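*Asks:* Numbering (this note's numbering), first residue to last: 4 to 539. Beta carbons: idealized from backbone N, C-alpha and C, even for Gly. All of these numbers come straight from a predicted model, not from anything done at the bench. Dropping a structure here in structure tokens format, bear with me for questions.
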RNA sequence: GCCCGGGUGGUGUAGCCCGGUCAAUCAUGCGGGACUCUCGAUCCCGCGACCCGGGUUCAAAUCCCGGCCCGGGCACCA
């Protein structure tokens, strides 16, 4: 057919033209009649695409996954990748999903009590069913036990080298003087670590590895260290020997029966380290899936940057609409299903991905479009004085064009009183131009300036506006004060204006301000409304 | 410097393991149109990509070698 494309194209165009001429309902009816399979196929195809690829070595009912955040900051879209994949596969295989707080660094990445709660809250908001919750700081005795076992079996030792000295030896591939000392000596030092005879930085438990491992960074990696006065938010100063990430993770993944691990590719090398422990104990290492880093265009995800911004007063808090934390997305009116869908779409790729906001917005729009009621919000209002219509006129507009059953809202026009239109539409208000005040009537612009617009009534009928292709604008007469916070990259723009008085909105509603965009109602104080912009 | 990983339209993704069915999927975006009292939604049509070079082969996005580019790791952090 291809060589004949030139002849076919006009034919196709003609047919398309004809089909478009017969109206949508009729088109569908006709199609069902002549080609009923089409509808079934379409559905089947969609479902097939949605799913995640099968998980290697996964047995129905036996998959156990976990998500192990450090509660030192709010949960964000980047973390959500590992979390959602873990949870999704647990559900897919009828398995178990574990939340484990990895709060073993009371010093550099200090956990804070509120983040334990927030993470749980955010996961629940995302629709997670959490089967078990564990907190690493409750489990120190368990880590101690395993550490001692490793020391006894000569697989680990207590090293009291100065860090710089140790690094030097390690890089050369030579053992440090403590490595080969007898077990009794090691155990004695281990006791000294626990009872406080060594101070912070003076001793560390190391796991024996291949001294010639090509990557010096995995050689003789540290498993537990001392922290003086940890003042841990959950255990205070009860414990001063704390496991490092690799040790605690390795032990817990085994102890909790984790079968599949999802984590960022930055952890690939940690797996090599952790495997030593599995080998020493003869355990089977879980199946691991490494994914790339997920970021979203123009949104800040980094915990340290966020914290700094908050401290400097640049951000309103962890849920500032400019941020990529889950609470910030929620505050903007992004639905959990949209986040889940996005992450499933991005999938298991190992390369880093930066998705565009458009992409998330498109998914979210599809979800909220049917639920969001419509209202008129006039940003930067400008009065328009209309001559030539001397009666009161009540415009009754459906709350949602596709759902008349939800009822209507009423906007009243009173002769002699101005209607307010948006400064954003100034380009349409040129003398001699015609515009339609949506659901009210058509006017001709007589004069226009930033201070006010004079217009002349033309006609009521919508059809007149449509035939002439006149543009349509939204408007209010009396409105309640309303501001919309619009995140734009690093800036948070405040749009002030008037919201139609018949808008009975409450906090958490996701609505559409017509011709402005979808917003979530953030606060309603007396008459005043604050909303946060989600997307067009 | 040393050690991993990755490069498919503007963006994201499928395909790569097991070479042909790929003149390459789907979504988003962009352009055009239909419909509609929103510049929204819906529907239709269109645009646009296999990092580069070599090799193997009848046949390469897919296998091999080399190069380039981009991420990540190299903490007594997680």
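(1) Our contact map puts residue 403 next to residue 376 with C-beta atoms below 8 angstroms; I'd like the distance itself, whole angstroms only.
(2) Could you compute how far the alpha carbon of residue 521 sits from the alpha carbon of residue 56?
(3) Using alpha carbons as the reference points, say which of 65, 62, 89, 80 lies closest to residue 71.
(4) In the structure shown, what three-state DSSP assignment does residue 270 receive?
(5) May I ask you to list the residues that DSSP assigns as paired with residue 162?
(6) Near residue 327, which residues of its chain fall below 8 angstroms by C-beta distance, leaving aside the five closest residues on each side in sequence?
(7) Hey, could you find the ends of the alpha helix (DSSP H) residue 500 is sitting in?
(8) Look at residue 295 and residue 353 and say whether their C-beta atoms are less than 8 angstroms apart.
(9) Pairing CB atoms from the stretch 249–264 with CB atoms from the stretch 129–147, are three or more of them under 8 angstroms?
(10) Quick check on residue 2: does DSSP put it in helix, strand or coil?
(11) Considering residue 380, what are the terminal residues of the alpha helix (DSSP H) in which it resides?
(12) Can you tell me where the beta strand (DSSP E) with residue 353 in it begins and where it stops?
(13) Go ahead and label residue 510 buried or exposed: buried means 16 or more other beta carbons lie within 10 angstroms of its beta carbon, across all protein chains shown.
(14) Taking the straight line between their C-alpha atoms, what separation do you get for residue 274 and residue 322?
(15) Under the rule that 16 or more other beta-carbon atoms within 10 Å means buried, what is residue 425, buried or exposed?
(16) Exposed or buried, residue 166, counting other C-beta atoms within 10 Å across all chains shown (16 or more means buried)?
(17) What did DSSP end up calling residue 201 once you bin it into helix, strand or coil?
(18) Which residues does DSSP pair with residue 485 in a beta bridge?
(19) Is residue 363 helix, strand or coil when you go by DSSP?
(20) Output the distance between the C-alpha atoms of residue 196 and residue 281, rounded to the nearest integer angstrom.
(21) Less than 8 angstroms between the C-beta atoms of residue 379 and residue 503, yes or no?
(22) Exposed or buried, residue 346, counting other C-beta atoms within 10 Å across all chains shown (16 or more means buried)?
(23) If we call anything under 8 angstroms between Cβ atoms a contact, is residue 150 one with residue 211?
(24) Note the first and the last residue of the continuous alpha helix (DSSP H) segment covering residue 121.
(25) I'd like the span of the alpha helix (DSSP H) that includes residue 146, first residue to last.
(26) Figure out for me which residue from 441, 523, 260 has the closest Cα to the Cα of residue 374.
(27) What residues in its chain sit with their C-beta under 7 angstroms from that of residue 355, if we drop five residues either side in the sequence?
(28) Using DSSP bridges, identify the partner residues of residue 2.
(29) I'd like to check one pair, residue 387 with residue 421: are the Cβ atoms closer than 8 angstroms?
(30) Reducing DSSP to helix, strand and coil, say where residue 542 ends up.
(31) Report yes if the CB atom of residue 114 is closer than 8 angstroms to the CB atom of residue 233, and no otherwise.
(32) Return the chain-ordered list of same chain residues with a C-beta closer than 7 angstroms to the C-beta of residue 496, the five sequence neighbours on each side being excluded.
(33) From residue 363 to residue 341, what distance separates their C-alpha atoms?
(34) Taking buried to mean at least 16 other C-beta atoms within 10 Å of its own C-beta, is residue 67 buried or exposed?
(35) What is the rounded straight-line gap between the Cα of residue 450 and the Cα of residue 406?
(36) I need the DSSP call for residue 265, collapsed to helix, strand or coil.
*Replies:* The answer reads as follows:
(1) Mapped onto the first chain, residue 403 falls at position 400. Mapped onto the first chain, residue 376 falls at position 373. Confirmed, about 6 angstroms.
(2) For the purposes of this step, residue 521 is taken as the residue at position 518 of the first chain. For the purposes of this step, residue 56 is taken as the residue at position 53 of the first chain. Those two C-alpha atoms are separated by around 33 angstroms.
(3) Taking the first chain and counting its residues from 1, the one referred to as residue 71 is at position 68. Of the listed residues, the one whose Cα sits closest to residue 71 is 89.
(4) The count along the first chain starts at 1 and reaches residue 270 at position 267. Residue 270: helix per DSSP, three-state reduction.
(5) Counting from 1 along the first chain, the entry for residue 162 is found at position 159. DSSP, once it has assigned bridges, lists 207 as partnering residue 162.
(6) On the first chain, residue 327 is found 324 positions in, with the first residue counted as 1. Same-chain partners within the cutoff: 79, 80, 81, 298, 299, 302, 303, 304.
(7) The residue given as residue 500 occupies position 497 in the first chain. Premise fails: residue 500 lies in the beta strand (DSSP E), 494–503, not in any alpha helix (DSSP H).
(8) For the purposes of this step, residue 295 is taken as the residue at position 292 of the first chain. For the purposes of this step, residue 353 is taken as the residue at position 350 of the first chain. Yes. Within cutoff.
(9) yes
(10) The question about residue 2 has no answer here: the residues shown for the chain are numbered 4 through 539.
(11) To locate residue 380, count along the first chain from 1; it is residue 377. No alpha helix (DSSP H) holds residue 380; the beta strand (DSSP E) holding it covers 380–382.
(12) One-based indexing of the first chain puts residue 353 at position 350. From DSSP, residue 353 is part of no beta strand (DSSP E); its letter is neither H nor E.
(13) Here residue 510 is taken as the residue at index 507 of the first chain, counted from 1. Residue 510 is exposed by the Cβ-count criterion.
(14) For the purposes of this step, residue 274 is identified with residue 271 of the first chain, where counting begins at 1. For the purposes of this step, residue 322 is identified with residue 319 of the first chain, where counting begins at 1. Using only the alpha carbons, I get a separation of about 33 angstroms.
(15) Numbered from its first residue, the first chain carries residue 425 at position 422. With 16 or more other Cβ atoms within 10 Å, it is buried.
(16) Residue numbering aside, residue 166 sits at position 163 when the first chain is read from its first letter. Exposed, since its Cβ has fewer than 16 Cβ neighbours within 10 Å.
(17) Here residue 201 is taken as the residue at index 198 of the first chain, counted from 1. DSSP places residue 201 in coil when its eight states are reduced to three.
(18) Position 482 of the first chain holds residue 485. Answer is 500, 532, bridged to residue 485.
(19) In the first chain, the residue the question calls residue 363 occupies position 360. Helix, per DSSP.
(20) Within the first chain, residue 196 is the residue found at index 193, counting from 1. Within the first chain, residue 281 is the residue found at index 278, counting from 1. Each residue's alpha carbon lies about 24 angstroms from the other.
(21) Sequence index remark: in the first chain, residue 379 carries index 376 (1-based). Sequence index remark: in the first chain, residue 503 carries index 500 (1-based). In this structure, residue 503 lies closer than 8 angstroms to residue 379 by Cβ.
(22) Numbered from its first residue, the first chain carries residue 346 at position 343. The residue is buried, with at least 16 neighbouring Cβ atoms inside 10 Å.
(23) Counting from one through the first chain, the residue named residue 150 turns up at place 147. Counting from one through the first chain, the residue named residue 211 turns up at place 208. No, the pair does not count as a contact, with Cβ atoms beyond the cut-off.
(24) Here residue 121 is taken as the residue at index 118 of the first chain, counted from 1. That run of the alpha helix (DSSP H) goes 116–128.
(25) Locating residue 146 in the first chain gives position 143, counting from the first residue. Its alpha helix (DSSP H) spans residues 143–155.
(26) If you number the first chain from 1, residue 374 lands on position 371. With distances taken between Cα atoms, residue 374 lies closest to 523.
(27) Residue numbering aside, residue 355 sits at position 352 when the first chain is read from its first letter. Taken in chain order, the residues that qualify are 295, 296.
(28) Any question about residue 2 goes unanswered here, given that the chain covers just 4 to 539.
(29) What you label residue 421 is simply residue 418 of the first chain in a count that begins at 1. What you label residue 387 is simply residue 384 of the first chain in a count that begins at 1. Cβ distance < 8 angstroms, so residue 421 and residue 387 count as in contact.
(30) Shown here, the chain extends from 4 to 539; a query on residue 542 therefore has no answer.
(31) In the first chain, the residue the question calls residue 114 occupies position 111. In the first chain, the residue the question calls residue 233 occupies position 230. No, the pair does not count as a contact, with Cβ atoms beyond the cut-off.
(32) As a first step, residue 496 must be located in the first chain, where it is residue number 493. So the qualifying residues of the chain are 489.
(33) Residue mapping note: residue 363 aligns to position 360 of the first chain, counting from 1. Residue mapping note: residue 341 aligns to position 338 of the first chain, counting from 1. Each residue's alpha carbon lies about 7 angstroms from the other.
(34) Along the first chain, one-based indexing puts residue 67 at 64. Buried, because 16 or more other Cβ atoms sit within 10 Å of the Cβ of residue 67.
(35) Here the question's residue 450 lines up with position 447 in the first chain. Here the question's residue 406 lines up with position 403 in the first chain. When rounded, the distance between both Cα atoms is 38 angstroms.
(36) Within the first chain, numbered from 1, the residue matching residue 265 stands at position 262. Strand at residue 265.
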